[in-house]
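Colleague: Have a look at the structure that comes next, please.
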Amino acid sequence: MSSQSSPLSDRKPPLPPRPVFLDLWRIRLPLPGVVSILHRISGVLMVLAIPISAWLFGMAVTSETGFQRATGWLNSPLIKLLLLVLMWSFLHHLFAGIRYLLMDLGYAVDLAAARRTAALAAGIALVATLILGGGLL
Ligand code: HEM
Numbered sequence: 360m361s362s363q364s365s366p367l368s369d370r371k372p373p374l375p376p377r378p379v380f381l382d383l384w385r386i387r388l389p390l391p392g393v394v395s396i397l398h399r400i401s402g403v404l405m406v407l408a409i410p411i412s413a414w415l416f417g418m419a420v421t422s423e424t425g426f427q428r429a430t431g432w433l434n435s436p437l438i439k440l441l442l443l444v445l446m447w448s449f450l451h452h453l454f455a456g457i458r459y460l461l462m463d464l465g466y467a468v469d470l471a472a473a474r475r476t477a478a479l480a481a482g483i484a485l486v487a488t489l490i491l492g493g494g495l496l
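Under this note's numbering, think of the first position of the sequence shown as 360, with each following residue one higher.
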C-alpha cells in the first residue's frame, strides 16, 4: 500500500472571499457580549471625561466668577444628561469589571452562570444609575 496521498485528497477547500464584510447590525450578540462591549465603551467614556472634568474643576477653583460659570455649566440640562451617562458608565464599568475579575479567578465561567451574572451586573448598574441619577434633577 502506498503512503502517498492522491493530489485530490491534498486539495484544501477554497478560502472565502476576502475581506469578509461583517454587517454589525445583523450580528445578534448574546448578553455577555453586549455587557463586554458596554464595558469597553464605558471605560473609553470615562477616560474622555477626565480632561473635561479637569477643565471644569480648574475653572471652578480659579475665581468666584469661574465657580459661577462652572456651576452654570453643570446645571444645564445637556451637561446633566452627560453626567447621567457618565454615572452609568462608572457603575456599569464597576460592576462588569468586578464580574470580570471574579471570572478571572474562576467563578461563574460556565455559560449559564456567565449569562446570569452579565444580566445581574448590567441590571444593578442601571438601577443604581436611576436611583443615584435622581439626585441630579
Ligand atoms: C471602578 C472600578 C473599576 C474596575 C473594577 C475596573 C475594572 C476593569 C477591568 C477588569 C478591565 C479589563 C477588562 C477586560 O479584561 O477586558 C478594565 C478595563 C478598562 N478600564 Fe477599568 N475598572 C475600573 C475603573 C476604571 C476607570 C475609573 C476608568 C477610566 C477613567 C477605567 C477605564 C478602563 C479602560 C479604558 C479599560 C480598557 C477597556 C477595554 O479595552 O475593553 N476603568 N477595567
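Virtual Cβ for every residue (Gly too), placed ideally from N, Cα, C.
Is it buried or exposed, Thr-430, if we count other Cβ atoms within 10 angstroms and call 16 or more buried?
Modeller: By the 10 Å Cβ count, Thr-430 comes out exposed.
Colleague: In or out: Ser-401 buried (at least 16 other Cβ within 10 Å) or exposed?
Modeller: Buried, because 16 or more other Cβ atoms sit within 10 Å of the Cβ of Ser-401.
Colleague: Give the list of continuous alpha helix (DSSP H) stretches no shorter than 4 residues that lie fully inside the stretch 442–494.
Modeller: Within the stretch 442–494, the complete alpha helix (DSSP H) runs of at least 4 residues are 470–492.
Colleague: Among residues of its own chain, excluding the 5 on either side of Ala-455, which ones have a beta-carbon nearer than 6 angstroms to its beta-carbon?
Modeller: Here the set comprises Val-394, His-398 and Ala-480.
Colleague: Helix, strand or coil, according to DSSP, for Phe-380 in the structure here?
Modeller: Coil, per DSSP.
Colleague: Alpha carbons only, please: which of Pro-410, Val-468, Leu-381 and Leu-495 is nearest the one belonging to Leu-437?
Modeller: Answer by Cα proximity: Leu-495.
Colleague: Rounded to a whole number of angstroms, what is the C-alpha to C-alpha distance between Met-462 and Gln-427?
Modeller: Rounded to the nearest angstrom, the two C-alpha atoms are 46 angstroms apart.
Colleague: How would you write the range of the alpha helix (DSSP H) that Pro-389 sits in, first residue to last?
Modeller: First-last for Pro-389: undefined, no H or E at that position.
Colleague: Have a look at Leu-390 and Val-420 and give me their C-alpha separation to the nearest angstrom.
Modeller: Spanning the two alpha carbons is a distance of roughly 43 angstroms.
Colleague: Can you tell me whether Trp-447 is buried or exposed, with buried defined as 16 or more other CB within 10 angstroms of its CB?
Modeller: Buried: at least 16 other Cβ atoms inside 10 Å.
Colleague: Figure out for me which residue from Ala-473, Ala-487, Pro-375 and Arg-474 has the closest Cα to the Cα of Leu-453.
Modeller: The option with the nearest alpha carbon to Leu-453 is Ala-487.
Colleague: Indicate, with yes or no, if ligand 1 has a heavy atom lying under 7 angstroms from the CB of Ile-490.
Modeller: No, Cβ of Ile-490 sits at least 7 angstroms from all heavy atoms of ligand 1.
Colleague: Thinking just about the alpha-carbon of each residue, which of Met-418, Arg-474 and Pro-372 is nearest to the one in Trp-432?
Modeller: Nearest of Met-418, Arg-474 and Pro-372 to Trp-432, Cα basis: Met-418.
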